[in-house]
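Each residue of the sequence shown is one higher than the one before, starting from 35 at the first, in the numbering used here.
Just so it is clear, CB atoms sit at the ideal spot from N, CA and C, and this is done for glycine as well.
This one's a predicted model, so the numbers in the text were calculated from it and none came from an experiment.
Here the structure is laid out as structure tokens; the discussion comes afterwards.
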Amino acid sequence: MTPQRPAFPLKLDSLSGNKPKAKPMAAAARPAVKALPAGSLGQRNGQDKSQGIGMDSVAVRARMVQKLAQGGIQDAVVLQAMGTVERHRFVETALVNQAYEDTSLPIGLGQTISKPNVVARMIELLRNGATGKLGRVLEVGTGCGYQAAVLSHIASEVYSIERLKGLHEKARENLRAFRLHNVHLLFGDGMEGFAKGAPYAAIIAEAGGNNIPQPWLDQLAVGGRLVAPMVTPAGHQALVVVDKTAQGFQHQVLEAVHFVPLKSGIS
Ligand code: SAH
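Right under this line is the structure:
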């Protein structure tokens, strides 16, 4: 049977009548996470952020995971991955104290590392209750590499694209110590996807445009799922989930989100 395809690139005006099917989790409706005690992850005895705080960070991360679970994240595989990746190694030394707060943080070049609960929420949606690991996953917007590291625990291979050379290099540096052999960092325009790695079991984007680029839809495997922010006709971003089935595409528009804009070209 020939798959039926709606008009794509997917535009939100064609989606506006679509009711959220998954549980909306507007940021405002989520429980606030209290700031960690000052100094709980700070530099000690002149050590840099890569040394000496490992044991402290286990407990602080466990607390972050507990908050994620209280905030509605149920997928044990996601919680486990969030509890494993040391987020403090991806932020500037001056921000290490805030690394496990539920907040986005600057990572340079005007970009931000996403809030833990948004990372967890999107990966939970991406997994869609799968048993075991996903296959190949494409990530658009590597940034500092944090989410790529989390994805490496839930997927067999992660292809992560960044359009800003400075961040691509920063992510490479950040990830080096983790020795994640299944993470492939790519410098390029993620709006084109990465055809060589296709088809993908899942595609996740952390920057939002006015539509879902056609290459992402083309490169998604049948049975695969895409999770991305997209600008609504009202000018706000919402999280969009697209499932590619043998019968065509199905989509859901979920809660409001605040991501940096998806931009074309490299810089
Ligand atoms: N997942 C990242 C979040 C980074 S913010 C982290 O964990 O740190 C989103 C990133 O998307 C930014 O670094 C921005 O430069 C990048 N981006 C925006 N448009 C892009 C495009 N067309 N291709 C690749 N990356 C893009």
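Give me the Cβ distance between residue i and residue j, rounded to the nearest whole Å; I'm assuming they're in contact under 8 angstroms.
i, j, result
"P263", "F293", "4 angstroms"
"R197", "I107", "Wrong, their Cβ atoms sit about 29 angstroms apart, outside the cutoff."
"L201", "T176", "7 angstroms"
Looking at the secondary structure, which residues open and close the alpha helix (DSSP H) in which residue i lies?
i, result
"R210", "K199 to R210"
"A110", "A110 to T118"
"D252", "Q248 to Q253"
"A317", "The first residue shown for the chain is 35 and the last is 301, placing residue 317 beyond what the model contains."
Helix, strand or coil, according to DSSP, for residue i in the structure here?
i, result
"G179", "coil"
"N131", "helix"
"V125", "coil"
"D223", "coil"
"F283", "strand"
"G166", "coil"
"K230", "helix"
"V306", "This structure does not reach residue 306, given that the chain is present from 35 up to 301, and the question cannot be answered."
"A268", "coil"
"L185", "helix"
Based on DSSP bridge pairs, tell me the residues matched to residue i.
i, result
"G142", "Q145"
"E196", "F221"
"Q104", "DSSP lists no partner for Q104."
"E173", "S194 and I238"
"K278", "F283"
"V294", "A241"
Which first and last residues belong to the beta strand (DSSP E) in which residue i is found?
i, result
"I237", "Y234 to A239"
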